[in-house]
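Peer 1:
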Amino acid sequence: MKGKKTDLAVLAVCAASLAGLVVVYGRLPENIPVHWNFRSEVDGWGPRWTIFLMGALPPAIFLMMKAAPRFDPRREAYVKHAKAYAILTAVLSMAFIPISWMVAIAGLGIALDIGILVRVVIGALFIAIGNYLGKLRPNYFIGVRTPWTLSDPEVWKKTHRRGAWVFVGMGACMLASLLVPHSAAGAALVLASIVGGVAYLFVYSYFEWKALRS
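Mapped onto the working numbering, the consecutive letters of the sequence shown carry residue numbers 108 to 321.
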């Protein structure tokens, strides 16, 4: 029952956000900013109906994550990590709501430092993922899915425990980049932390798999 209430709450927030965007739509110009560079300068524009695509993304992510367990051959994993998966479903779904509203507000001509705001949202998202990554059980849909984590439950367990710290670290780097928000150094820190973190977990899972067989 608690899970159903949480699902309804998430859908209600998504629906309210989308309804708000419908109201705002009529006040938007024909073209709105949809992309910014690391200096928070607009470098990409799109038609105003793009706002509906962004508004539809949160409920789409939610519905996809709710449906995924039915198609996963390892569906029993979702019973074991039900709480963590429910939290991640809510977090991943709603993380894009503030981003869609940033675009809408910018389209209305209200000045926002999009670069800073997006880094705050994504940084917080990474930290939230890190807090629950270690609780995920082997599956084909969510988590650090490499050939070695999927082939060995122990490798999965060790990689996800390590991955929890890596994601928290990536989130911390994202937030630390706010100290130099409009510089190439800040952008480099963000990029290096994400690419480095993902590459590290890929390599780590291989060496853990190899160590268990030596």
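Glycine is no exception: its CB is placed at the ideal position from the N, C-alpha and C atoms. Quick caveat, the model's predicted, so the values are computed rather than measured.
Going by DSSP in three states, His142 sits in which element: helix, strand or coil?
Peer 2: Numbered from 1 along the sequence shown, position 35 holds the residue referred to as residue 142. DSSP places His142 in strand when its eight states are reduced to three.
Peer 1: Which residue comes first and which comes last in the alpha helix (DSSP H) that contains Gly230?
Peer 2: As a position in the sequence shown, residue 230 is number 123, starting the count at 1. Here the alpha helix (DSSP H) through Gly230 covers Ile221 to Leu240.
Peer 1: Among all the DSSP beta bridges, which residues are the ones paired with Val149?
Peer 2: The residue you call residue 149 lines up with position 42 of the sequence shown. Answer by DSSP bridge pairing, in chain order: Trp143.
Peer 1: So, are the CB atoms of Arg155 and Gly214 less than 9 Å apart?
Peer 2: Residue mapping note: residue 155 aligns to position 48 of the sequence shown, counting from 1. Residue mapping note: residue 214 aligns to position 107 of the sequence shown, counting from 1. Yes.
Peer 1: So for Pro288, helix, strand or coil by DSSP?
Peer 2: Here residue 288 refers to the residue found at position 181 of the sequence shown. It is coil, neither helix nor strand.
Peer 1: Measuring alpha carbon to alpha carbon, tell me which of Ile139, Val210 and Trp263 ends up nearest Ser124.
Peer 2: The count along the sequence shown starts at 1 and reaches residue 124 at position 17. For the residues Ile139, Val210 and Trp263, the minimum Cα distance to Ser124 belongs to Val210.
Peer 1: From this set, Ala318, Lys111, Ala189 and Ala294, which residue's C-alpha is nearest Gly241's C-alpha?
Peer 2: Mapped onto the sequence shown, residue 241 falls at position 134. Closest option to Gly241, Cα to Cα, is Ala189.
Peer 1: Considering just the uninterrupted stretch of the alpha helix (DSSP H) at His188, what are its terminal residues?
Peer 2: As a working note, residue 188 is residue 81 in the sequence shown. Looking at the DSSP string, His188 is not in any alpha helix (DSSP H), and its letter there is neither H nor E.
Peer 1: In angstroms with no decimal places, state the Cα-to-Cα distance between Gly278 and Arg320.
Peer 2: Translated into the one-based positions of the sequence shown, residue 278 becomes position 171. Translated into the one-based positions of the sequence shown, residue 320 becomes position 213. Each residue's Cα considered, the two are about 33 Å apart.
Peer 1: Could you check if Lys265 is buried or exposed, using at least 16 other CB atoms within 10 Å of its CB as the buried criterion?
Peer 2: The residue you call residue 265 lines up with position 158 of the sequence shown. Counting Cβ neighbours within 10 Å, Lys265 comes out buried, since at least 16 surround it.
Peer 1: Determine, using beta-carbon pairs with one atom in the stretch 277-293 and one in the stretch 221-229, whether at least three such pairs fall under 8 Å.
Peer 2: With the cut-off at 8 Å, the stretch 277-293 and the stretch 221-229 touch.
Peer 1: Report the option in Ala191, Ile301 and Gly230 whose CA atom is closest to the CA atom of Thr113.
Peer 2: Mapped onto the sequence shown, residue 113 falls at position 6. Among Ala191, Ile301 and Gly230, the Cα nearest to that of Thr113 belongs to Ala191.
Peer 1: What residue does the alpha helix (DSSP H) around Pro176 start on, and which one ends it?
Peer 2: What you label residue 176 is simply residue 69 of the sequence shown in a count that begins at 1. Thr157 to Phe178 is the extent of the alpha helix (DSSP H) around Pro176.
Peer 1: Quick one: what does DSSP say Pro254 is sitting in, helix, strand or coil?
Peer 2: The residue labelled residue 254 in the question sits at position 147 within the sequence shown. Helix at Pro254.
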